[in-house]
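Colleague: Let me begin by handing over the structure; questions about it come next.
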Amino acid sequence: MLQCQRANLGYRRYFQNQVKRYLLLPGTLISIYKEQMKGIIEDPVDVWERSYIDLPGRVVAIVNNIRLLHKSAEDAKKDAKLWASRSEGDEGYEFDGPEDGLEREEEWHPDKTELRHTFHDAVFSLEGGTGVTNGSLGIRELLKTLDKTGFSSLEDDCEIRNGTVQEHTQLALPRRDLKTIKAAQERFHKERMLAIEGDEAGAAPLHSGAETGFGDNDGDTEFPVYPRMVNSEPAATWVGITAADTFMRVGEIIGTERTLNRMQAIALGLICEALDGQLKGADRQHLQYVGGGGGTGKSWLIDTLKEVFAAKRASGRLVITATSGTAAAGIGGTTIHSAVGLSFRDADGTTVEPMLCTNLEKAKQRWRRRDVLVIDEASMLGLLTLYEVDQKLRMLRGFPEKPFGGIPVVVFTGDFLQFPPVLQRSLLSDVERDIAVSGNVQPKTRAVERRWKESEAKKLWQGFTNVVMLDEQKRAEGDEYLLGFLERLREGRQTREDAAKLEAQYDKETKFDFSGGRRAVIPLNRHRWDLTLHAALAYSEDTGRKMSIYLSKHKWESRMPTLTERKAAMLLGDEGKLSAAGMFPYVEGMPVVINENKYMGLKVVNGAEFIAKGILHPPGLEEVVIGERLSVFLGPPSGIILESEETAGLAFPNLPPGTVMLPVANIRVAEKHAKTLRPDSKRANSKLGLIRTGLPCTPGFALTDFKAQGRTLGKTLLGLYGRTASRNTGELEKCDALSRVRRFEDIGLIEPLNVAQFLEARMPEEVVKGTGRLKDLAEETVRDFEARQGR
C-alpha cells in the first residue's frame, strides 16, 4: 500500500500542471490502485506496464504527450536557462512561455517521434472537433488505425506492418539529377514564354547548371535547353484558306467549323472587320468588350480567334493575356502583367512577378508588331492596373498620345458578376465625380494622384463601346431549369421555389460522398483543408490505390513551440502566400492544383490542374506503414511528378515522358497566422519565426471559388455561405460556383442553405448599373454590325 501511495504521489506531482487537459488519467490510476488491492502488492511500474497495453488509444496518446514533455535532460536545461534569463531581466530576447527556450541563433524542429504524436493529435481534432469534417467516417477509421498500430508511441519500433504494401511510382533521385530537372524546366519555361510573347526562340545550345540561377555550382552538368519532344502533332491546317484571304472570310469559315452561335460569331466578326479595315488604311482604334456568364463560351471564342490568326499565318500579331495565372493557363496565354512588365497580387493573394525583359528595345519592336491584344477576366482588372497597362503600352509602342499605344484592336472579355479586383476599384466603379474634379492636370499628392489615375483609366474603359454579351449557356444547355435559375440569380430575381429546390440539395447523410469524381467548391480555406484529407481517403478507397500522407517540415527560429502550436501548424493548410499545406495526402492519379506561379511557360501556374503521376523522395525519408494501402511519411517529398494535356510530348531528363516536376518549396509562414497558431500569446510583438518546407500544391478534391473559375465540374459539393459568416457576403461567389455544373441535380451543399440570405442576395448597385449600360451598348453594337453586313 505504501508503494502504491508513493506511486500516486509521484504521478500527482508529475501531472500537477496538466489537470484540465488530462482528466482521463485519474481513472487510469484508480484502475491500477484497484488491482493493487486485489492481492499481493506489486511494483507499481510492473502494474503500469501491464495496464498500459489495454489502455484506449486516446489515453495512450495523452500519456505519451506528457512523457514527451519531460523526455530529455536537455529540454530541462533549456527551461532552466530561460527562467534564469527572465529572473535576471534579460532584455535581449522576448519569450512568451516556457517553450520559447532556445538561444537566438538556434533553430528547433520536431523529431520523428514528436511528428508522429503531433499528426495523431491533428487527426483526432479533425474527427472529434466541431469543424466541417465532424462525422467523417474516413477520418474516424484513420484515427482508429493509428491507435491500433501504436502510431503515436514514443518507441521507434512501434507496431508496423511489414507485409506486402502497394507502392506509388516513386523515384529517389540524387540531388544532382533534381537540379538538372529544375534547370531544364526553368530554361524551357523562359524560352516558351518568349515564344508566347512573340520572340523567335533560338537554337538549343547546351546550358550548364552554373548558369541557371539555382545556385547549384555544377558547371559540368550539361543538358539541352529544350526538352526532347515525343509524339508531337503537326499544327492544324485549314483547307481553302490562304494568307491573302481577308480576316472576315477566314473568321466565317473557322467560325462555322467550330459551330459558333450567333453572338459568338458577331463578336468574332467585329474583330475581323476592324482588322480588315486597318489593312485598308483605316486609322480608327477598335475597343471591344465581350461579356457573358460562366459557361457561355468566352474561352471558346478566344480559341477560335487564335485559330483565325494561325490560319492567316499571323499568330505573332496576336497577344492573348489574362488578369490571373489561372485564367491565362486556361486560354493558352500569359498574364497581362508579364506581357507588359507589371507585378501585382492576384485574387488568391499571391504576388505575381513578371519575367523581366533584358532588352527593352527588343520588347518595343515586338509590341510594335502587335495588332490585337486580348485581356481575359476583365472583372479582376482594377482601374489602377488598367492605367499602368495603358502607360506601359504607350511607352513600348512609342505612341504616348494614343490609348494603349495605338494597338489597332483591344478586346476585354469576362463577367463582371464574378470576381472583383484585389484592393482596387472595378472598371464599373462610379468615378465620374472624380473625373470632373480632377480635370486633365495630374495632381501631386499620393491620394489625389490615385484618384486621378482611376479617372484616367475610367475614361479608357468608357471607350469600349463595341460590346457583345454572350447569352447562350453552353455548359448547362441540357438543363432548362438550371439555365433559368442562373439567369434569375444573376439578375437578383431568385424565387422561393428556387430557394426550396436549392435547400433540398443538402443531405446530411451524403454530404461527405466524394465517389464518382465529386469535387467541392468551398469559400473558406479552413473547410477546404479539412475536406481535402477526407476526400483523399475516399478517393483511395474508391480506386483501391495506396494513399501516402507527407508531413511538411516545420522549423521554428530561436524558440520551441508548444504542443498546441505544433498541432495547429500541421493543420494550417495552403492559402495565399502560404502555398504548401501542413500535410499532403497523395494518391496516384488524383487531381492536383498548383498554388504558385512556378513555370508559366509550362502552365505550371497558380490554379492550374494536373494529374499526379509519381512522387520524388529525398534520401532517408522515413515511411511508417500503418496499413496495406496507407502510409505516413515523416517529412516532405523532393517533388511531385505531374501530367496534363499541356505536358504531352515533353520529355525532360530523369522524368517519365509527358510529365513535369514541381519541386518542394521553403515558405516563411506569415505573421498574420500568429492568431491561429498562438491564440493565447499575450505579446503583441512576438514573432512566429516559422518556416515550412512542402509541396506548393494541393489535392484538387476541394477548390476555392477563385480556383474553380472557368472549370466545368460534374458532381459538386458547394459552400454557399460566403467568406464572412457575420455579413451577407458571397453573392458573386454563389453565382459563379453554381455555374460550374451542367445539371442542377449534380449540386450538393456542405451546409444547410440560409434561405433568408439567399433570397435577399443582390449584386452591388454599381455592378447592376454598369452591366445595364453594357447591355444597352450590346444591343446597339449588334444592330449596327448586322446592318453593315446586310443581315
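Taking our numbering, the leading residue of the sequence shown gets 102, the next gets one more, and so forth.
All residues carry an ideal CB built from backbone N, CA and C; glycine is no exception.
As the structure is a computational prediction, the values presented were derived from the model and not from experiment.
For F859, which residues from the same chain have a beta carbon less than 6 Å from its beta carbon, with the 5 sequence-adjacent residues on both sides left out?
Modeller: For this step, residue 859 is matched to residue 758 along the sequence shown. Here the set comprises A600.
Colleague: If you reduce the DSSP assignment to three classes, tell me which class L839 lands in.
Modeller: Counted from its first residue, the sequence shown places residue 839 at position 738. Correct three-state label for L839: helix.
Colleague: Restricting to Cα atoms, I'd like to know which of S649, I355 and Q810 is closest to I623.
Modeller: As a first step, residue 623 must be located in the sequence shown, where it is residue number 522. Measuring from the Cα of I623, the nearest candidate turns out to be Q810.
Colleague: Per DSSP, D477 forms a beta bridge with which residues?
Modeller: Position 376 of the sequence shown, counted from the start, is the residue given in the question as residue 477. For D477, which the question treats as bridged, DSSP gives the partners A423.
Colleague: Starting from the Cα of I727, find the closest Cα among K245, S237 and V233 and give me that residue.
Modeller: One-based indexing of the sequence shown puts residue 727 at position 626. Cα-wise, what sits closest to I727 is K245.
Colleague: Could you tell me which residues DSSP pairs with E710 in its beta bridges?
Modeller: The residue given as residue 710 occupies position 609 in the sequence shown. In DSSP, E710 forms a bridge with V694.
Colleague: Can you confirm whether the stretch 760 to 776 touches the stretch 671 to 680 when touching is taken to mean that 3 or more C-beta pairs between the two stretches lie within less than 8 Å?
Modeller: yes
Colleague: In the structure shown, what three-state DSSP assignment does D319 receive?
Modeller: Translated into the one-based positions of the sequence shown, residue 319 becomes position 218. Its pLDDT being 36, under 50, D319 is placed unreliably by the model, and the measurement read from it follows with that caveat. Coil.
Colleague: At the level of alpha carbons, what is the spacing between V510 and V523?
Modeller: Numbered from 1 along the sequence shown, position 409 holds the residue referred to as residue 510. Numbered from 1 along the sequence shown, position 422 holds the residue referred to as residue 523. Between V510 and V523, the C-alpha separation is close to 26 Å.
Colleague: Need the endpoints of the alpha helix (DSSP H) that V568 sits in, please.
Modeller: Translated into positions along the sequence shown, residue 568 becomes position 467. First-last for V568: N567 to M570, but that is the beta strand (DSSP E), not the alpha helix (DSSP H).
Colleague: If you follow the alpha helix (DSSP H) that S556 is part of, which residue opens it and which one closes it?
Modeller: Position 455 of the sequence shown holds residue 556. Per DSSP, S556 is one residue of the alpha helix (DSSP H) stretching across R547 to Q563.
Colleague: Excluding five sequence neighbours on each side, which residues of the same chain lie with their C-beta closer than 7 Å to the C-beta of I367?
Modeller: For the purposes of this step, residue 367 is identified with residue 266 of the sequence shown, where counting begins at 1. So the list reads V569, V883 and F886, once near-sequence residues are dropped.
Colleague: Please work out which residues of its chain come closer than 6 Å, Cβ to Cβ, to F469, disregarding the five sequence neighbours upstream and downstream, and give them in chain order.
Modeller: The count along the sequence shown starts at 1 and reaches residue 469 at position 368. A small correction: the amino acid at residue 469 is Arg; Phe does not occupy that position in the sequence shown. Excluding positions up to five away in sequence, the list reads R498.
Colleague: Which value, in whole angstroms, describes the spacing of the CA atoms of D572 and G398?
Modeller: Here residue 572 refers to the residue found at position 471 when the sequence shown is read from its first residue. Here residue 398 refers to the residue found at position 297 when the sequence shown is read from its first residue. Going from the Cα of D572 to the Cα of G398 covers about 9 Å.
Colleague: Put L789 into one of helix, strand or coil per three-state DSSP.
Modeller: Within the sequence shown, residue 789 is the residue found at index 688, counting from 1. Of the three classes helix, strand and coil, the one that applies to L789 here is coil, per DSSP.
Colleague: Note down, in chain order, each residue of its chain lying with its Cβ closer than 6 Å to the Cβ of N698, except the 5 sequence neighbours on either side.
Modeller: Within the sequence shown, numbered from 1, the residue matching residue 698 stands at position 597. Hits under 6 Å: G426, V453, V706 and N707.
Colleague: Entirely within the stretch 717 to 799 and at least 3 residues each: give me those beta strand (DSSP E) ranges in chain order.
Modeller: Within the stretch 717 to 799, the complete beta strand (DSSP E) segments at least 3 residues long are 724 to 728, 731 to 734, 740 to 744, 761 to 764, 766 to 769 and 791 to 795, listed from N- to C-terminus.
Colleague: Straight-line CA distance for P797 to K816?
Modeller: What you label residue 797 is simply residue 696 of the sequence shown in a count that begins at 1. What you label residue 816 is simply residue 715 of the sequence shown in a count that begins at 1. Their Cα atoms are separated by approximately 26 Å.
Colleague: Just to confirm, is the Cβ distance from G795 to F685 under 8 Å?
Modeller: Locating residue 795 in the sequence shown gives position 694, counting from the first residue. Locating residue 685 in the sequence shown gives position 584, counting from the first residue. With respect to F685, G795 sits close: the two C-beta atoms are nearer than 8 Å.
Colleague: For M364, does the three-state DSSP call read helix, strand or coil?
Modeller: One-based indexing of the sequence shown puts residue 364 at position 263. M364: helix per DSSP, three-state reduction.
Colleague: Bridge partners for K870 per DSSP, in chain order?
Modeller: Walking along the sequence shown from the start, residue 870 turns up at place 769. K870 is not bridged to any residue.
Colleague: Give the straight-line distance between the Cα atoms of R471 and T872, rounded to the nearest whole angstrom.
Modeller: As a working note, residue 471 is residue 370 in the sequence shown. As a working note, residue 872 is residue 771 in the sequence shown. In a straight line, the C-alpha of R471 is about 30 Å away from that of T872.
Colleague: Do I432 and I476 have their CB atoms nearer than 8 Å?
Modeller: For the purposes of this step, residue 432 is taken as residue 331 along the sequence shown, with counting starting at 1. For the purposes of this step, residue 476 is taken as residue 375 along the sequence shown, with counting starting at 1. In this structure, I432 lies away from I476, with their beta-carbon atoms at least 8 Å apart.
Colleague: Which one of F565, H387, F586 and I240 has the shortest CA to CA distance from E642?
Modeller: Working through the sequence shown from its first residue, we reach residue 642 at position 541. Here the closest residue by C-alpha is I240.
Colleague: With H, G and I counted as helix, E and B as strand and the rest as coil, what does DSSP make of I650?
Modeller: Here the question's residue 650 lines up with position 549 in the sequence shown. Here I650 sits in strand by DSSP.
Colleague: Just the C-alpha distance for V512 and G232, rounded to the nearest angstrom, thanks.
Modeller: The sequence position of residue 512 within the sequence shown is 411, counting from 1. The sequence position of residue 232 within the sequence shown is 131, counting from 1. Their Cα atoms are separated by approximately 44 Å.
Colleague: Tell me which residues share the same chain as W630 and place their Cβ nearer than 6 Å to its Cβ, disregarding the 5 neighbours each side in the sequence.
Modeller: Locating residue 630 in the sequence shown gives position 529, where the first residue counts as 1. Residues G674 of the same chain have their beta carbon placed closer than 6 Å to that of W630, with the five preceding and five following residues left out of the count.
Colleague: Near G450, what residues of its chain come up, given a Cβ to Cβ distance below 8 Å and the 5 sequence neighbours on each side ignored?
Modeller: Translated into positions along the sequence shown, residue 450 becomes position 349. Reliability fails at G450, whose pLDDT of 48 lies under 50, so the model's placement of it is uncertain and the value that follows must be treated cautiously. Once the five neighbours on either side are set aside, the close Cβ partners of G450 are V523, E676, G677 and K678.
Colleague: Would you call the stretch 725 to 739 and the stretch 750 to 758 in contact, with 3 or more CB pairs under 8 Å?
Modeller: By the Cβ test, the stretch 725 to 739 is not in contact with the stretch 750 to 758, since fewer than three Cβ pairs between them sit closer than 8 Å.
Colleague: Looking at the secondary structure, which residues open and close the beta strand (DSSP E) in which M684 lies?
Modeller: Position 583 of the sequence shown, counting from 1, holds the residue named residue 684. Where M684 is concerned, the enclosing beta strand (DSSP E) stretches over M684 to V688.
Colleague: Span of the beta strand (DSSP E) holding Q389?
Modeller: Here residue 389 refers to the residue found at position 288 when the sequence shown is read from its first residue. Per DSSP, Q389 belongs to the beta strand (DSSP E) from H387 to G392.
Colleague: Take R812 and list the residues in its own chain whose beta-carbon comes closer than 7 Å to its own, dropping the five residues that flank it on each side.
Modeller: As a working mapping, residue 812 is identified with position 711 in the sequence shown. Closer than 7 Å at the Cβ level, and outside the excluded window around R812, lie R841.
Colleague: Runs of 4 residues minimum, wholly inside the stretch 587 to 644: which ones carry the alpha helix (DSSP H) assignment?
Modeller: 597 to 604 and 626 to 644
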